[in-house]
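Numbering-wise (the numbering used here), the sequence shown opens with residue -14 and increments by one. For glycine and all other residues, C-beta sits at the position ideal for the given N, C-alpha and C.
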Amino acid sequence: MGERRASRVRQVELADAALRIIATQGIAALNTRSLAAEVGLSTGAIFRHFPSLEALLEALVTRVEGVLDATFPSDELPPLERLERFIEARSSAVGDQVGILRLVLSEQFKLALPQSGSERLAACVEKTRRFVSECLRAGQAAGSVRADLPAEALAPVVMGTVQMLALSSTSGRRRRTEARAVTGSLLAMLQPPAPPTSTQKQRRSPSS
-14 MGERRASRVR QVELADAALR IIATQGIAAL NTRSLAAEVG LSTGAIFRHF PSLEALLEAL
46 VTRVEGVLDA TFPSDELPPL ERLERFIEAR SSAVGDQVGI LRLVLSEQFK LALPQSGSER
106 LAACVEKTRR FVSECLRAGQ AAGSVRADLP AEALAPVVMG TVQMLALSST SGRRRRTEAR
166 AVTGSLLAML QPPAPPTSTQ KQRRSPSS
């Protein structure tokens, strides 16, 4: 492994360690001293990979972008399957890196970031919202997603479900079982309502 590649690997390790600190201790606890203690390095070693705390924060944003981008499935999949794959991948990836979700949602962290980093985090949220809305609109056009509600109203429900799954305290098989059950229920809710049966129509008709 070359020196440059080794440095990139170490930078990713440090970024992940910073996310763990954010997840377990809060954003205020993130500094070079706590990061050095987390990875077993000296503060001087930290600065060999990141010349400043600002550079570390930018690296955190880059790490978040990479993890989130990897959860978007192929556009060639049918809309509902695309959403299902996305929910599964996003809730799993972000669940393993809970610090990512807290970082993205935290106004405190956005204020601590350089402006470019804050804008990039906002772009991550917007990219997710756009992806979900486009899947829903495509599903509505194909008849696989209910069209009685606008896609823009359904999108926050999907995104909120992902957030809930990502923040779940369960783990292992129980976590996977929970995710499948919740995702299945969400997809069932998104499908077009079944037409009323003849019995239901009779019940709704006024008495003669």
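Cβ pair residue i, residue j closer than 7 Å
| i | j | result |
| --- | --- | --- |
| Ile72 | Val130 | no |
| Ala14 | Ile6 | yes |
| Val52 | Ala74 | no |
| Val49 | Gly102 | no |
| Leu4 | Gln100 | no |
6 Å CB neighbourhood of residue i in its chain, flanking five on each side removed
| i | result |
| --- | --- |
| Met(-14) | Reliability fails at Met(-14), whose pLDDT of 47 lies under 50, so the model's placement of it is uncertain and the value that follows must be treated cautiously. Here the set comprises nothing. |
| Arg70 | Pro58 |
Reduced DSSP secondary structure (H/G/I, E/B, other) of residue i
| i | result |
| --- | --- |
| Phe71 | helix |
| Leu62 | coil |
| Leu20 | helix |
| Ala233 | For residue 233 there is no data in the structure shown, the boundaries of the chain being -14 and 193. |
| Thr56 | coil |
| Gln82 | coil |
| Val130 | coil |
| Glu179 | The question names Glu, but residue 179 in the sequence shown is Ala. Here Ala179 sits in coil by DSSP. |
| Thr47 | helix |
| Phe116 | helix |
| Phe32 | helix |
| Thr168 | helix |
| Ser153 | coil |
| Leu42 | helix |
| Leu106 | helix |
| Ser76 | helix |
Cβ neighbours of residue i in the same chain (closer than 8 Å, five flanking residues each side left out)
| i | result |
| --- | --- |
| Leu(-1) | Leu20, Val24, Ile31, His34, Phe35, Leu41, Ala44 |
| Pro64 | Cys120, Leu121, Ala123, Gly124, Ala127, Ser129, Val130 |
| Pro180 | none |
| Leu172 | Leu65, Leu68, Glu69 |
| Arg160 | Gly80, Ser153 |
| Gln176 | Leu65, Ser129, Val130, Arg131 |
| Gln10 | Ser19 |
| Gln(-4) | His34, Phe35, Ala44 |
7 Å CB neighbourhood of residue i in its chain, flanking five on each side removed
| i | result |
| --- | --- |
| Ser193 | Residue confidence for Ser193 is low, a pLDDT of 45 falling below 50, so the modelled location carries little weight and cannot support an answer. |
| Ser76 | Val147, Leu150, Ala151, Ala164 |
| Thr28 | Thr17, Arg18, Ala21 |
| Val110 | Val89 |
Any non-hydrogen atom of the ligand COA closer than 6 Å to residue i Cβ
| i | result |
| --- | --- |
| Ala0 | This structure lacks the ligand COA; in fact it carries no ligand of any kind. |
Minimum Cβ-Cβ distance from residue i to chain D less than 7 Å
| i | result |
| --- | --- |
| Ala166 | Of the protein chains in this structure there is only one, and it is not chain D. |
* With contact counted as at least three CB pairs below 8 Å, one residue from each stretch, are the segment 105 to 124 and the segment 142 to 162 in contact? -> In the pairwise beta carbon analysis, the segment 105 to 124 is classified as touching the segment 142 to 162: at least three pairs are separated by under 8 Å.
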